[in-house]
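To keep things clear, I will list the structure first and then write my remarks on it.
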Ligand SMILES: Cc1ncc(COP(=O)(O)O)c(C=O)c1O
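In the working numbering, the protein residues as written are 171 to 556.
So, in structure tokens, the structure goes:
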């Protein structure tokens with residue numbers, strides 16, 4: 171290994187959302203932010219730009235767009251043109267702009283739960299109705315699946331947009347081409363546009379293959395706005411450099427209009443970082459993925475051995491675990507229990523939708539020692555309860 175992911179910097183007292191928000195005795199395994207040092211090539215690229223002492227307004231970097239398009243072609247055989255790309259500072263703002271662009275007050279927006287909490291908030295931000303379509307758990311395959319009939323039934327005449335999370339946070343699913351095609355066809359049939367958040371598409375484990383929904387057919391690309399970013403993949407989420415791909419010129423114009431006066435520039439330094447990430451850091455990414463896969467296997471085995479009542483699904487993507495704690499002898503919120511008794515901060519399942527109050531989300535994007543300590547603390551807290 172060229173990079174040592176066991177060594178992580180101390181992030182406390184750096185205005186770090188993950189480490190500084192909660193009391194200092196708590197191990198933070200919550201927000202989807204990893205603790206690893208970034209690839210040195212990213213730092214070099216920022217340092218190089220710092221040698222020019224003016225930091226004015228940036229235009230969208232043609233080189234970044236070109237490198238992104240080449241990446242799409244190489245990874246997915248998906249042909250994207252640089253002029254079909256809009257750079258945005260973040261994907262949460264991106265899908266909020268998409269809701270604004272493609273929905274009016276009398277529309278509704280559908281998403282799948284458990285859901286990344288800002289999906290649930292997005293329609294409400296514009297006084298638009300949100301429809302929660304539940305995934306269901308397949309005990310045999312140990313994966314969360316789509317109930318297509320229910321999805322279609324829940325679409326209303328006024329539903330304008332489907333916010334898709336692919337790969338899925340928090341359940342770690344990489345949807346198959348067949349599943350995505352079927353979802354896409356239902357949306358086309360009912361005139362529902364697709365906003366596909368694919369931020370986790372490069373955190374994939376052995377055997378998993380991501381398909382951008384827009385790459386499946388011309389009809390789907392014409393009906394979809396796709397969001398991707400180097401942020402999760404290369405651990406630069408605080409630098410805020412993300413991409414919207416809108417291949418249909420009409421939708422692209424609508425989306426651009428929704429940014430007017432509100433959408434801000436991607437900063438000059440973050441574009442340099444994003445460019446270096448996509449262009450120069452794949453060796454780092456490959457090593458990161460094997461480290462994360464080791465963390466996933468370690469954590470799943472630990473939980474299986476020492477906290478067998480916690481139910482866990484198969485994880486093919488993301489550095490997140492979605493843990494069903496319903497069978498634990500805990501009254502109230504499991505996340506609150508672990509925060510108070512194990513000093514481990516997890517995400518509370520209730521923020522991912524109704525019916526998920528007994529779940530927690532655990533972020534294993536940290537060094538093995540921290541992960542091990544957090545799991546041991548959780549086990550001890552449970553042992554003390556019994
Ligand atoms: C599905 C998903 N979308 C978007 C984001 C955040 O994107 P950004 O930081 O670009 O707004 C996250 C972060 O956890 C996420 O999991």
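Beta carbons: idealized from backbone N, C-alpha and C, even for Gly.
Nearer than 8 Å: is that true of the beta carbon of residue i relative to any heavy atom of ligand 1?
| i | result |
| --- | --- |
| residue 262 | yes |
| residue 316 | no |
| residue 474 | no |
| residue 370 | yes |
| residue 335 | yes |
| residue 205 | no |
| residue 288 | yes |
| residue 137 | One cannot answer for residue 137 here, as it falls past the ends of the chain, which runs 171 to 556. |
| residue 505 | no |
| residue 440 | no |
| residue 415 | no |
| residue 235 | no |
| residue 407 | yes |
| residue 427 | no |
| residue 188 | no |
Excluding five sequence neighbours on each side, which residues of the same chain lie with their C-beta closer than 7 Å to the C-beta of residue i?
| i | result |
| --- | --- |
| residue 442 | 215, 216, 219 |
| residue 227 | 435 |
| residue 523 | 283, 284, 285, 290, 302 |
| residue 448 | 237, 238, 241, 400 |
For residue i, count the other beta carbons within 10 Å of its own beta carbon; 16 or more makes it buried, fewer makes it exposed. Which is it?
| i | result |
| --- | --- |
| residue 286 | buried |
| residue 177 | exposed |
| residue 243 | exposed |
| residue 213 | exposed |
| residue 221 | exposed |
| residue 525 | exposed |
| residue 319 | exposed |
| residue 187 | exposed |
| residue 321 | buried |
| residue 237 | buried |
| residue 279 | buried |
| residue 539 | exposed |
| residue 254 | buried |
Residues in its own chain within less than 6 Å of residue i by CB, not counting five upstream and five downstream?
| i | result |
| --- | --- |
| residue 204 | 405, 535 |
| residue 268 | 365, 395 |
| residue 272 | 330, 331, 363 |
Got a sec? Which residues, its chain only, sit under 8 Å from residue i by beta carbon, not counting five neighbours each side?
| i | result |
| --- | --- |
| residue 487 | 337, 338, 342, 343, 344, 370, 371, 373, 374, 375, 378, 380 |
| residue 386 | 347, 350, 351, 354 |
Original post:
Where are the alpha helix (DSSP H) runs, 4 residues long or more, that stay fully inside the region 332 to 377, in chain order?
Top reply: Whole alpha helix (DSSP H) segments, 4+ residues: 347 to 359.
Subject >> In chain order, each alpha helix (DSSP H) run of at least 4 residues that lies wholly inside the region 222 to 249 >> reply: Whole alpha helix (DSSP H) segments, 4+ residues: 232 to 246.
**OP:** Counting only runs of 3+ residues fully inside the region 383 to 465, write out the beta strand (DSSP E) ranges in chain order.
**Re:** As far as the region 383 to 465 is concerned, its whole beta strand (DSSP E) runs of at least 3 residues are 394 to 398, 412 to 416.
**OP:** Return the chain-ordered ranges of every alpha helix (DSSP H) run that is complete within the region 495 to 542 and spans a minimum of 4 residues.
**Re:** Along the region 495 to 542, the alpha helix (DSSP H) occurs as fully enclosed runs of 4 or more residues at 504 to 511, listed in sequence order.
Original post:
Which full runs of the alpha helix (DSSP H) of 4+ residues lie inside the region 245 to 289, going along the chain?
Top reply: With a minimum length of 4 residues, the continuous alpha helix (DSSP H) runs that stay inside the region 245 to 289 are 261 to 272.
Subject >> Segment contact, 8 Å Cβ cut-off, at least three pairs: the region 475 to 486 with the region 536 to 552 >> reply: Touching, yes.
Original post:
Are there three or more Cβ pairs, one per stretch, closer than 8 Å when the region 415 to 425 is compared with the region 244 to 255?
Top reply: Judged by Cβ distances under 8 Å, the region 415 to 425 makes contact with the region 244 to 255, as three or more pairs qualify.
Original post:
Within the chosen definition, does the region 192 to 208 reach the region 501 to 516 through at least 3 CB pairs nearer than 8 Å?
Top reply: Of all C-beta pairs linking the region 192 to 208 to the region 501 to 516, three or more are shorter than 8 Å, placing the two stretches in contact.
Original post:
Is there contact between the region 223 to 239 and the region 419 to 436, where contact requires at least three CB pairs shorter than 8 Å?
Top reply: Remark: three or more beta-carbon pairs, one from each stretch, lie closer than 8 Å, so the region 223 to 239 and the region 419 to 436 are flagged as touching.
Original post:
Does the count of Cβ pairs from the region 345 to 363 and the region 295 to 313 closer than 8 Å reach three?
Top reply: Three or more beta-carbon pairs separated by less than 8 Å are not found between the region 345 to 363 and the region 295 to 313, which leaves the two stretches without contact.
Subject >> Sufficient close CB pairs (3 or more, under 8 Å) joining the region 459 to 472 to the region 538 to 547 >> reply: Yes: the two stretches touch, three or more of their Cβ pairs being nearer than 8 Å.
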